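Working notes for the structure below.
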Amino acid sequence: MTSARTTGEATTPGFETLSELVRARRSNLRMDADRPVPPEVVERLCDLAMWAPNHMRTNPWKFALFTGDGRSRLGAALEAAQQARGEADPDRLKKARTKYLRAPAMLVVGSAAHDDPVFHAENRDAVAAGVENLLLGATALGLASYWSTGEVVTVPAVKALAGFEPGDQIVAVVYLGWPVAPLPAPPKLAPPITVVDD
Ligand SMILES: Cc1cc2nc3c(=O)[nH]c(=O)nc-3n(C[C@H](O)[C@H](O)[C@H](O)COP(=O)(O)O)c2cc1C
-7 MTSARTTGEA TTPGFETLSE LVRARRSNLR MDADRPVPPE VVERLCDLAM WAPNHMRTNP
53 WKFALFTGDG RSRLGAALEA AQQARGEADP DRLKKARTKY LRAPAMLVVG SAAHDDPVFH
113 AENRDAVAAG VENLLLGATA LGLASYWSTG EVVTVPAVKA LAGFEPGDQI VAVVYLGWPV
173 APLPAPPKLA PPITVVDD
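Mind the numbering: the sequence shown is residues -7 to 190 in my numbering, read in order.
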């Protein structure tokens, strides 16, 4: 399969704009931790996330914004969980405690639990699609963003801090901030597409 761009087939300004935006998004942690991201901006990004497709309109999105000292509470919850499972390395504990201070805004994105296991899984799919909308919106506004997960997504105290239910899933812990340095684009891979035509 070849792209419209390479064959000269029809494209549209909208496609080209979207394509540039998608390619411009990078996981970029090089951000100014001291320059706030207004909550209204984060709200607009969350609104974009909610335009993602979601099966049977379950609207599984959940968001929790941590700024200021709230970021320390997030880190403290992770550190406490690590200590509870026996972690004693002071460097690792310090990293957990301070890692969320690297961004002015930390957005925890959750997916609502569902009694039906299929919907439970599909809720997560929908939220993941929403996270990409959010990251693209951030990129369009000139914000650096970074989708992270790790042990933090398993910690019950973090879900409680975020206002999520115990059965909800944390899909992303997104760092948001104004970039201090851009990141180069990664090498481009061709899409691995199997075409079945007859
Ligand atoms: C579900 C998911 C979880 C991720 N979790 C982490 C993480 O915990 N730590 C990390 O360094 N990057 C994490 N990333 C970011 C990827 O490492 C990153 O997207 C990848 O390196 C490609 O870089 P790019 O986003 O700039 O294209 C995660 C990405 C996704 C989609």
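Even for Gly, the Cβ is constructed at its ideal location relative to N, Cα and C.
As the structure is a prediction and not an experimental result, all values here were calculated from the model.
Ligand 1 heavy atom lying under 7 Å from the CB of residue i
| i | result |
| --- | --- |
| W53 | no |
| S19 | yes |
Whole-number beta carbon distance between residue j and residue i, since they are thought to touch under 8 Å
| i | j | result |
| --- | --- | --- |
| K91 | G60 | No, K91 and G60 are not in contact; Cβ-Cβ is about 16 Å, not under 8 Å. |
| A97 | V34 | 6 Å |
| L93 | S64 | 7 Å |
Inter-residue Cα distance where the pair is residue i and residue j
| i | j | result |
| --- | --- | --- |
| A118 | M23 | 28 Å |
| T186 | G122 | 26 Å |
| P5 | A154 | 40 Å |
| N170 | A136 | Before going on, a small fix: residue 170 reads as Trp here, not Asn. One C-alpha to the other measures close to 6 Å. |
| A56 | V100 | 5 Å |
| D189 | V14 | 29 Å |
| A69 | T50 | 29 Å |
| A152 | G159 | 11 Å |
| P176 | E12 | 14 Å |
| R17 | L127 | 7 Å |
DSSP beta-bridge partners of residue i
| i | result |
| --- | --- |
| L57 | L99 |
Entirely within the segment 73 to 118 and at least 3 residues each: give me those beta strand (DSSP E) ranges in chain order.
97 to 103
Mind pulling the beta strand (DSSP E) runs of 3 or more residues that sit fully within the segment 131 to 185?
Fully contained in the segment 131 to 185 are the following beta strand (DSSP E) runs of length 3 or more, in chain order: 136 to 140, 161 to 169.
Report the start-end ranges of each alpha helix (DSSP H) in the segment 1 to 76 that is 4 residues or longer and not cut off at the edges.
The segment 1 to 76 contains these whole alpha helix (DSSP H) runs: 5 to 16, 31 to 41, 61 to 76.
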